[in-house]
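Residue numbers (the numbering used here): 15 to 497.
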């Protein structure tokens with residue numbers, strides 16, 4: 015169906031900034047499952063309480079601006095966005111409308127056609143609302159509770175231009191954006207805790223048409239998978255409606271994960287519906303060039319810079335460098351390993367292979383694992399010293415992952431030391447050769463499988479503990495002596 019239509023997508027990403035306190039008060043800015051414990055009269059909307067701007071919020075916004083190639087505004091201002099909802103106690107949200115702190119940024123993403131630049135219209139500061147907790151359903155007694163813990167948490171809303179043309183592009187953009195924000199240190203970006211949330215604006219138009227189609231906004235997508243599937247569903251719904259002659263109208267929709275479909279929430283508001291006006295209790299934010307340069311001087315290494323370093327100094331491929339910079343924790347672990355073990359490619363292989371597999375299997379972050387860089391390096395050194403084989407190392411590594419024990423302790427407990435002594439291996443090899451004259455004949459006739467058979471039998475006899483290099487050397491020697 016997409017051969018007749020072009021999909022047009024823009025994303026609005028809400029990022030909770032990683033500050034100790036909230037945007038306008040001293041309440042703790044932390045995720046807490048206990049409702050209404052991180053609140054005060056200010057963020058709970060009591061009248062007569064004046065807001066005081068958290069300076070750290072502005073600094074994190076500047077960091078984001080530098081990381082995403084924004085023009086950082088010398089002058090920005092807070093406005094009141096008026097609407098009523100049970101989790102918004104003052105019936106307005108403090109946000110930035112006409113004068114955002116960041117404008118005209120961009121982020122480059124990799125697509126099947128190559129590098130593509132996604133323009134970002136703006137990033138503006140605002141306070142988060144609370145949260146409604148629903149119990150029951152419409153067929154039974156239904157209750158809704160208000161949790162105001164999140165009220166006043168500092169948000170940066172990053173609004174892209176409608177430059178994405180597929181659900182996959184939108185997902186790639188959001189993944190790349192999350193990585194940049196993590197490296198910049200402005201947010202923990204934990205989608206499961208709501209510190210990174212995404213709204214997708216979706217429309218379709220016939221190919222070649224410049225005018226945008228009627229758009230719908232899909233609210234609060236909290237996973238990459240949900241983003242991709244919601245966009246695909248909504249784009250297909252638009253195309254089917256147009257082909258059937260149905261009228262589309264601007265609205266806000268939500269994604270139903272269970273039914274894998276979007277549902278209408280309300281007609282989409284425009285700016286004039288919110289009655290924006292300057293907040294009289296908050297002065298403008300003035301960001302000097304000196305402040306920007308001060309922040310620039312303390313900017314951490316960003317993904318693109320880290321990738322260049324890994325390729326130039328460590329000789330890694332594009333694939334390896336991209337993987338290791340998918341999160342700051344992966345890069346931190348890798349750097350710590352190569353600092354004490356100068357074999358970047360081997361370290362990279364283990365992180366991308368066995369380590370990544372086990373982390374995904376248990377659905378945990380590398381920082382939560384029981385394996386530290388020094389323990390992985392200790393295992394790699396045991397392989398280098400021919401104390402264990404690569405195959406044995408994988409078994410040891412799994413045990414390390416589960417227990418956190420040192421590799422040498424695990425090897426001793428399991429009796430897994432590599433057998434490399436000729437005095438031990440030679441009798442085993444000779445016995446296996448003498449018991450298989452037909453395979454010896456195959457070897458003499460140049461059949462390659464014969465060598466593999468003998469190696470397999472020797473490994474079986476030694477329970478995988480024979481040193482492969484020693485086995486191959488002795489095996490060839492014995493077989494050639496019999497010719």
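Backbone N, C-alpha and C define an ideal beta-carbon position, used for all residues, glycine too.
Please state whether DSSP places residue i in a helix, a strand or coil.
i, result
"residue 223", "coil"
"residue 117", "strand"
"residue 85", "strand"
"residue 132", "strand"
"residue 234", "strand"
"residue 423", "helix"
"residue 447", "helix"
"residue 311", "helix"
"residue 477", "coil"
"residue 428", "helix"
"residue 351", "helix"
"residue 211", "strand"
"residue 100", "coil"
"residue 66", "coil"
Ignore the nearest five residues each way along the sequence and tell me which others in residue i's own chain have a CB closer than 7 Å to its CB.
i, result
"residue 415", "372, 383, 384 and 385"
"residue 136", "114, 116, 117 and 173"
"residue 321", "335, 336 and 339"
"residue 35", "41, 42, 43 and 68"
"residue 73", "309"
If you drop the 5 nearest sequence neighbours on each side, which residues of the same chain put their C-beta closer than 8 Å to that of residue i?
i, result
"residue 334", "324, 359, 362 and 366"
"residue 133", "118, 119, 120, 174, 175 and 177"
"residue 204", "45 and 210"
Pull the bridge partners of residue i from the DSSP assignment, please.
i, result
"residue 277", "268"
"residue 21", "218"
"residue 299", "90"
"residue 168", "141"
"residue 125", "128"
"residue 369", "Paired residue(s): none; residue 369 is not in a bridge."
On a Cα-Cα basis, can you pick out the residue from the options that is closest to residue i?
i, options, result
"residue 8", "203, 188 and 342", "In the structure as shown, the chain begins at 15 and stops at 497. Residue 8 is therefore absent and cannot be evaluated."
"residue 165", "183, 56 and 118", "56"
"residue 417", "389, 439 and 442", "389"
"residue 369", "199, 331, 402 and 413", "413"
"residue 64", "467, 37, 45 and 446", "37"
"residue 235", "194, 340 and 213", "213"
"residue 60", "87, 102 and 82", "102"
"residue 54", "48, 62, 39 and 66", "39"
Using only the alpha-carbon positions, how far apart do residue i and residue j sit?
i, j, result
"residue 91", "residue 171", "15 Å"
"residue 224", "residue 19", "12 Å"
"residue 402", "residue 411", "12 Å"
"residue 479", "residue 486", "14 Å"
"residue 491", "residue 408", "30 Å"
"residue 438", "residue 457", "24 Å"
"residue 159", "residue 50", "11 Å"
"residue 269", "residue 231", "10 Å"
"residue 194", "residue 351", "23 Å"
"residue 259", "residue 267", "21 Å"
"residue 306", "residue 400", "54 Å"
Leaving out five residues on either side along the sequence, give the residues of the same chain with a beta carbon under 6 Å from the beta carbon of residue i.
i, result
"residue 406", "430"
"residue 181", "242, 245 and 246"
"residue 131", "120 and 122"
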